[in-house]
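J.: Encoded as structure tokens, here's the structure I'll be asking about.
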Amino acid sequence: MAKKILVTGSNGLIGSEVCVYFGQRGLAVHGIDNNQRRVFFGPQGDTRWNQQRLRNALPGFIHHELDIRNRTGVAAVVAEVAPDLIVHAAAQPSHDLAAQIPFDDFDTNAGGTLNLLEACRQHCRGAVFVLMSTNKVYGDGPNHLPLVELDQRWDYADHHRAHGIPETFPIDQCLHSLFGASKAAADLMAQEYGRYFGMATACLRGGCLTGPGHSGVELHGFLSYLVKCNLEGREYSVFGYRGKQVRDNIHAVDVAGFIHQFYLSPRCGEVYNLGGGKANSCSILEAFQQVESLTGRKQKLVCLDKNRIGDHICYYSDLRKMRQHYPDWTVTRSLPEILQEIVSAWRERLNAKAPGAPA
Ligand SMILES: NC(=O)c1ccc[n+]([C@@H]2O[C@H](COP(=O)([O-])OP(=O)(O)OC[C@H]3O[C@@H](n4cnc5c(N)ncnc54)[C@H](O)[C@@H]3O)[C@@H](O)[C@H]2O)c1
């Protein structure tokens, strides 16, 4: 019988990519999503298009319309499916939005994760459980490292940070945003189910996870939203740090590739910083330039003095632990390749939506 994967947030960027990746490798794919991204971000965040894409791409795909805050509902689906692998990618993903909806944020991110972990323990204890965590669990700690301001970006001044932020970086006694705190709660809980109950859990602390499957909005999905603004001729607001803030970007397919490696050779209660690393990092200013060169359109932008509370000035992931544990894994998509894919995908979506939209 085919192995089974259960993916939460299956309409989203990571969830959908993981569904396709494992579906193409012969696993029976079940997804959980309720299009909550539309509730969080309005019509621009609607993910039904991606759900439809999954239906087309994966004929055997089974969608469960379910809110992960529904404890009994989650337990029932996990018991019914009895998956071999759970990838938990459903979340309230925005730093800024969390402050406006603290209960929804915590109940989704922390409570939803606990619902899934406990359902896994009760009904499929041997399954591999992967939580999509975030680099925001480190709060603004990385901002207190010595930094150097270069012409187009910030960087770490200390050569010990040349590879980026490692998993040993402290996560407490700093400013997180409510989102960072709810995700840290989920991250610790997933580690605990690994260490305390001996379950095969991993927390993947994402940098900027990206790709054409994102429903990018101003509050979440940096590169996707930036490309969309460029193609639509809309102004992009840069929040503080003179646009030199640095993010490391990784294509969702490389996230799925790492999950595959972990599934093949799982460990208990592990934590990995998963991003594009320094090679795939860029500042917002650098991202504008790269996108402009691909689209031929000048980016409209406004630079605001005020940064987002707790936002990282410079963050890129130290990928050495991932590479050491899983030497077969590597980042396969460079930043220019990722941007080209996002540009092509947005062109297609915008054209499909409105004939005469930017080509
Ligand atoms: N995209 C990034 O840059 C990034 C960076 C770091 C961490 N992460 C984490 O990776 C995960 C996936 O991120 P993404 O970019 O794919 O987000 P996304 O918003 O594209 O996808 C999340 C999906 O979860 C669904 N969802 C939200 N709340 C739900 C609920 N209560 N019940 C059922 N479904 C619900 C949404 O409808 C959406 O389709 C999240 O945990 C996020 O915090 C993402």
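Residue numbering for the sequence shown follows our numbering, starting at -17 and increasing by one per position.
For every residue, glycine included, the Cβ atom is placed at its ideal position computed from N, Cα and C.
Reducing DSSP to helix, strand and coil, say where His145 ends up.
T.: Three-state DSSP puts His145 in coil, outside helix and strand.
J.: State the Cα-Cα distance for the pair Ala58 and Ala269, rounded to the nearest angstrom.
T.: So the two alpha carbons sit approximately 44 Å from each other.
J.: With three or more beta-carbon pairs closer than 8 Å as the criterion, would you say the segment 11 to 19 touches the segment 42 to 49?
T.: Touching, per the Cβ criterion.
J.: For a test of your reading of the model: does the CB of Lys165 fall under 8 Å from any non-hydrogen atom of ligand 1? Yes or no.
T.: Answer for Lys165: yes, Cβ within range of ligand 1.
J.: Using the beta-carbon count (16 or more within 10 Å), is Glu330 buried or exposed?
T.: Exposed, by the Cβ-count rule.
J.: Give me the Cα-Cα distance between Asn212 and Ser316, rounded to the nearest whole angstrom.
T.: Between Asn212 and Ser316, the C-alpha separation is close to 20 Å.
J.: Say yes only if the C-beta of Ile68 is nearer than 8 Å to one or more non-hydrogen atoms of ligand 2, and no if none qualify.
T.: Of the ligands this structure carries, namely ligand 1, none is ligand 2.
J.: Going by alpha carbons, who is nearest to Gly258 out of Tyr218, Leu186, Tyr223 and Gly292?
T.: For the residues Tyr218, Leu186, Tyr223 and Gly292, the minimum Cα distance to Gly258 belongs to Leu186.
J.: Taking only runs that begin and end inside the segment 57 to 144, name each unbroken alpha helix (DSSP H) of 4 or more residues, in chain order.
T.: Listed in chain order, they are 84 to 88 and 94 to 105.
J.: Taking the CB atoms as reference points, tell me whether Ala109 and Ala182 lie closer together than 9 Å.
T.: The answer is yes: Cβ separation under 9 Å.
J.: Restricting to runs no shorter than 3 residues, where is the beta strand (DSSP E) found entirely within the segment 178 to 208?
T.: Complete beta strand (DSSP E) runs here, min 3: 182 to 188 and 190 to 192.
J.: So Gly193 and Ala71 are in contact, right, with Cβ under 8 Å, and what is the actual spacing, rounded?
T.: Wrong, their Cβ atoms sit about 13 Å apart, outside the cutoff.
J.: Roughly how many angstroms lie between the CA atoms of Ala101 and Asn125, to the nearest whole one?
T.: Cα-Cα distance, rounded: 37 Å.
J.: Please report the straight-line C-alpha distance between Tyr223 and His294, rounded to a whole angstrom.
T.: Approximately 9 Å, taken between the alpha carbons.
J.: Is any heavy atom of ligand 1 found at a distance shorter than 8 Å from the C-beta of Asp15?
T.: Yes, the Cβ of Asp15 comes within 8 Å of a heavy atom of ligand 1.
J.: Quick one: complete alpha helix (DSSP H) runs, 4+ long, within the segment 259 to 298?
T.: Those alpha helix (DSSP H) runs which fall completely within the segment 259 to 298 and span 4+ residues are 266 to 277.
J.: Between Thr29 and ligand 1, is there a pair consisting of the residue's CB and a ligand heavy atom that are separated by less than 8 Å?
T.: Yes, the Cβ of Thr29 comes within 8 Å of a heavy atom of ligand 1.
J.: Less than 9 Å separating the beta-carbons of Ala83 and Gly121?
T.: Correcting the residue identity first, residue 83 is Ile in this sequence and not Ala. Taking 9 Å as the Cβ cut-off, Ile83 and Gly121 do not qualify as a contacting pair.
J.: Measuring from the CB of Leu170, is there a heavy atom of ligand 1 at a distance below 8 Å?
T.: It does not: the Cβ of Leu170 is nowhere closer than 8 Å to a heavy atom of ligand 1.
J.: Nearest-angstrom Cα distance between Ile232 and Leu321?
T.: Spanning the two alpha carbons is a distance of roughly 11 Å.
J.: Who are the Cβ neighbours of Tyr308 in its own chain at under 8 Å, not counting the five residues just before and after it?
T.: Cβ neighbours of Tyr308 beyond the five flanking positions: Phe240, Gln243, Phe244 and Ser247.
J.: By DSSP, does His158 sit in helix, in strand, or in coil?
T.: Looking at His158 - three-state DSSP - the assignment turns out to be coil, as it is neither helix nor strand.
J.: According to DSSP, is Leu40 helix, strand or coil?
T.: In the structure shown, Leu40 sits in coil (DSSP, three-state: anything other than H, G, I, E or B).
J.: Using the C-alpha atoms, what's the distance from Asn117 back to Asp300?
T.: Straight-line Cα distance between these residues: approximately 11 Å.
J.: Relative to the C-alpha of Val313, which residue among Gly123, Ala238 and Glu217 is closest?
T.: Minimum Cα distance to Val313 is reached at Ala238.
J.: Three Cβ pairs or more, each shorter than 8 Å: is that satisfied between the segment 190 to 206 and the segment 144 to 158?
T.: No, the segment 190 to 206 is not in contact with the segment 144 to 158.
J.: Taking DSSP's pairing of strands, which residues face Asn255 in a bridge?
T.: Beta-bridge pairing links Asn255 to Arg187.
J.: Could you tell me if the beta carbon of Thr116 falls within a distance shorter than 8 Å of some heavy atom in ligand 1?
T.: Yes, ligand 1 has a heavy atom inside 8 Å of this Cβ.
J.: Shorter than 8 Å, the distance from the beta carbon of Leu191 to the closest heavy atom of ligand 1, or not?
T.: Yes, since a heavy atom of ligand 1 falls inside the 8 Å radius drawn around the Cβ of Leu191.
J.: Select from Gly195, Ala327, Ser(-8) and Asp236 the residue whose C-alpha is nearest the C-alpha of His46.
T.: Of the listed residues, the one whose Cα sits closest to His46 is Ser(-8).
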